[in-house]
Amino acid sequence: MKFKFLEHTADIKFQAEGKSLDMAFKNAGLALKEIISGDIKIKPKIKKQMKITGKDKEELLYTFLEEFLFLFDTEDFILSKITKLKIVGKELVADVIGDDAEDYKFTNNVKAITYNDMFIKKQKDKYVCQVVVDV
Amino acid sequence: MIKKISDYEWEIPKTGKMNVPGKIFASEKLIEKIKQDDTIEQVKNIAALPGIIKASIALPDAHRGYGMSIGGVAAFDLKKGVISPGCVGFDIDCSVRLLKTNLTESDIKGKEKQISEQIFRDVPSGVGKKGRIRLTEEELDEVLKNGAQWAVKKGYGVKEDYLLTEESGKMKEAKPEYVSQRAKQRGMPQLGSLGAGNHFLEIQKVEEIYDKKVAKVFGLKKGMLTIMIHCGSRGLGHQVASDYIKAMHDEYGSAGLPDRDLVNAPINSVLGKQYFGAMAAATNFSFANKQLITHWTRESMKSIFPKFKADVVYEVCHNIAKFEKHVVDGKEKEVLILRKGATRSFGPGRKELPVKYRKTGQPVLIPGSMGTSSYILVGTKKAEEVSFGSTAHGAGRVSSRSAAHKNLDLEKVKAELKQKGVEVKAGSWKGLVEEAPAAYKDVDEVVRVSHELGIGNLVAKVKPLIVIKG
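Note that the protein sequences, when read in sequence, are chains A and B.
Position 47 of the first sequence, counted from 1, bears residue number 47 in my numbering, the numbering being contiguous throughout.
Numbers given in my numbering equal positions in the second sequence, counted from 1, plus 1000.
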């Protein structure tokens, strides 16, 4: 399992996991992509590099996910794949590939990432993070 | 742990870290729903914030939010109190405007599809959709400073439009310089667009008048068509909230807070003041947004009905912070009011109201869920006494979006709307299922409780005929 969605009255809650923190974050990015684009297949045409900093893991995850909303609103960028993601200390670097959002029609508007019920935990041999997004 | 005070009033006694008790306005039926999610916990969390006055309040439509519940109201002492972006919400000034028109149902009979398609073309809607105008950064600053007044100055509408908007369509405290570059970048392409999710534009029919005298002052008559516009400050407002949650966390941390979205700053601190200025600027963006949509809707309708006319009845804010005067311990005092998913409901006499409504109290606009009726209420003195001049803002969700997909079938939702005589033009049919009436609380019950309590009294009911959504 890369990620799963949980019940939430008003918003959307998900948990993403991975063998490493890097993988868990990557899967959180893919969960967000799934919320926005659902079953629509996004072509991998445009490459971007992300460089995110955060004071702690939570802020790093929040800011990383928010960057996708920012790129969507300002550059019409919609994610297809995350080809590389590396966290070193308080910094995250990722290579992402996606397409021009204007060429697709999306269903879910994610207004914002929230800290509500957010956690990032190490459970035995894996990392799990939970996020609620405001839709 | 919840004490019943009267038929529609419940108290969460002050315990633990709470500085004041919690107060919930709901019927038996609604309180059962409210108990099912984290609303009560969230009401208690707000009661623990520094400087909160009297009570942490939840309205009949309350449901779980992030930080503060939706349908929440709190007042803070200006010296000891705090301001928290999570208590206003990400969609700053998500709000509702109502227009009355010179048409009746028979005028549009057989033209429903044509109307919905015309408006759908003229008013941008949908996920990530851009507005029709392009702004330079200097122009955006003007929008952020002057709100709906900017739009009217540019030729999009008339003076009466903004005069009949909360704050006259312009929050004077707005400080565009405290809105980040990122927020401005997100807002620049989106001005003049409806967005998606629960936002909509509806053509409705006044189906019932409950209070003839007040309805006359509001200009509403049975059978008249009205237009309701529901949207907010788009990506710009979302980013303002996010930026200040981060900045306040950097400055003050979240130690001792049950939820990081409740990070806050003293009202009088530099960050507290900056957030208020930025929030006011985002509110102005939202005012301008609805002004542009109003203008294009008028144009759309005029292209089909050359003699078409639509006047603003009122526009109310649903997610906002304001400095207002209220009576606290027998004395009038200026306090900070946070309303998240709540409507101001001022009674007669308040100087904040347009002269036209100073004798009756303000119009309160409560949209139902998609395809169900919406209500127009009038603000009351009682609301000023018990809920800091506030009442409910809508139906409030009961069912999660994923549950809506599991339990509701798109074809059924479509068929039901058709049977009710509602023409729907939606950018996304998936979104349509999520916003289906069954996913919401019964708005009829929400307004009934508001009326019975006297915190917002029934004036009219409007039924949707055409729904446009992203």
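All C-beta atoms in this analysis are idealised placements derived from N, C-alpha and C, irrespective of residue type, glycine included.
Residue i lies in the alpha helix (DSSP H); which residues open and close that run?
i	result
F14/A	Where F14/A is concerned, there is no enclosing alpha helix (DSSP H), although the beta strand (DSSP E) it sits in stretches over 12-18.
E1445/B	1443-1453
L1410/B	1410-1419
D1329/B	Segment: none, D1329/B is in no alpha helix (DSSP H) and carries neither H nor E.
G29/A	21-37
D1122/B	1112-1122
Y1252/B	1234-1252
I42/A	Per DSSP, I42/A belongs to no alpha helix (DSSP H) and is neither H nor E.
G1264/B	It is worth fixing the name first, because residue 1264/B is Asn in this sequence and not Gly. Looking at the DSSP string, N1264/B is not in any alpha helix (DSSP H), and its letter there is neither H nor E.
Y1275/B	1270-1304
F3/A	Segment 3-6 is the beta strand (DSSP E) holding F3/A; no alpha helix (DSSP H) there.
Taking residue i as the query, report the chain A residues whose CB atoms sit under 9 Å from its CB, ordered along the chain.
i	result
R1134/B	None at all; the shortest Cβ gap to chain A is about 14 Å.
G1431/B	T107, N108, N109
V1127/B	I36, F72, A101, K105, F106, T107, N108, N109, V110
Could you name the residues of chain A that residue i contacts, counting a contact when the two beta carbons are closer than 8 Å?
i	result
D1070/B	The question names Asp, but residue 1070/B is Ile in the sequence shown. The contacting residues are A10.
S1233/B	Those within 8 Å of S1233/B in chain A number zero; the least Cβ separation is about 10 Å.
H1318/B	Correct list: empty, because the minimum Cβ distance to chain A is about 14 Å.
Q1456/B	A small fix is needed here, since residue 1456/B is Gly in this sequence, not Gln. Chain A residues near G1456/B: none, gap ~22 Å exceeds 8 Å.
H1063/B	T9, A10
G1470/B	N109
Would you kindly report the start and end of the unbroken beta strand (DSSP E) that includes residue i?
i	result
M1228/B	1224-1231
F119/A	112-123
F1388/B	Taken as a continuous stretch (DSSP letters only), F1388/B belongs to no beta strand (DSSP E), as it is neither H nor E.
T1104/B	1095-1104
G1022/B	1022-1025
F71/A	The residue you asked about is not Phe; residue 71/A is Leu in the sequence shown. No beta strand (DSSP E) holds L71/A; the alpha helix (DSSP H) holding it covers 57-75.
H1318/B	Where H1318/B is concerned, there is no enclosing beta strand (DSSP E), given that its DSSP letter is neither H nor E.
N1457/B	1457-1469
A1055/B	1052-1063
Q130/A	126-134
I1092/B	I1092/B -> no beta strand (DSSP E), and no H or E assigned at all.
How big is the Cα-Cα spacing for residue i and residue j?
i	j	result
T114/A	N1019/B	26 Å
P1258/B	A1426/B	38 Å
K81/A	L1262/B	33 Å
S1027/B	P1367/B	19 Å
I1227/B	E1251/B	44 Å
I1005/B	E1011/B	7 Å
V1422/B	P1464/B	6 Å
K1100/B	V1312/B	6 Å
I35/A	K13/A	10 Å
E1166/B	L61/A	37 Å
L1271/B	M1248/B	7 Å
I46/A	R1186/B	20 Å
L1049/B	D100/A	44 Å
P1363/B	L1336/B	22 Å
F1090/B	G1067/B	11 Å
N27/A	S1387/B	44 Å
G98/A	T74/A	14 Å
A1392/B	L1140/B	32 Å
Please state whether the Cβ-Cβ distance between residue i and residue j is less than 7 Å.
i	j	result
K1033/B	E1105/B	no
A1383/B	S1345/B	yes
Y1357/B	V1447/B	no
V1096/B	N1319/B	no
A1062/B	T1039/B	yes
Quick one: which chain A residues come within Cβ less than 7 Å of residue i?
i	result
A1196/B	N109
A1241/B	A112
D1409/B	Correct list: empty, because the minimum Cβ distance to chain A is about 16 Å.
Using a Cβ cut-off of 9 Å, pull out every chain B residue sitting near residue i, in sequence order please.
i	result
F70/A	R1182, Q1185, R1186, G1235, Q1239
E91/A	Neighbours of E91/A on chain B: none; closest Cβ ~16 Å, over 9 Å.
Name, please, each residue of chain B whose Cβ falls closer than 7 Å to the Cβ of residue i.
i	result
D134/A	Y1066, F1090
K55/A	D1250
E66/A	S1242
Which chain B residues sit within Cβ distance under 8 Å of residue i?
i	result
Y95/A	Checking the sequence, you will find Asp at residue 95/A rather than Tyr. Going along chain B, no residue has its Cβ under 8 Å from D95/A, so there is no contact; the nearest lies around 22 Å.
Determine, for residue i, whether the minimum Cβ-Cβ distance to residues of chain C falls below 7 Å.
i	result
S1056/B	Structure shown: chain C not included; protein chains present are A and B.
**OP:** Identify each residue in the segment 1078-1108 of chain B for which the Cβ-Cβ distance to at least one residue of chain A is less than 7 Å, and report them in chain order.
**Re:** Per Cβ criterion, the list reads F1090, D1091.
Subject >> Selection of the segment 1177-1192 of chain B by Cβ proximity to chain A, strictly under 9 Å >> reply: R1182, Q1185, R1186, G1187, M1188, P1189, Q1190
**OP:** Output, in sequence order along the chain, the residues in the segment 114-132 of chain A whose CB is closer than 9 Å to any CB in chain B.
**Re:** Of all residues in the segment 114-132 of chain A, T114, Y115, N116, D117, M118, V132 have a Cβ within less than 9 Å of some Cβ in chain B.
Original post:
What residues in the segment 1254-1285 of chain B have a beta carbon less than 7 Å from any beta carbon of chain A?
Top reply: D1259, R1260, D1261
Original post:
What residues in the segment 1327-1340 of chain B have a beta carbon less than 8 Å from any beta carbon of chain A?
Top reply: Listed in sequence order: no entries.
**OP:** Please name the residues in the segment 1033-1058 of chain B whose beta-carbon is closer than 7 Å to at least one beta-carbon of chain A, in chain order.
**Re:** D1037
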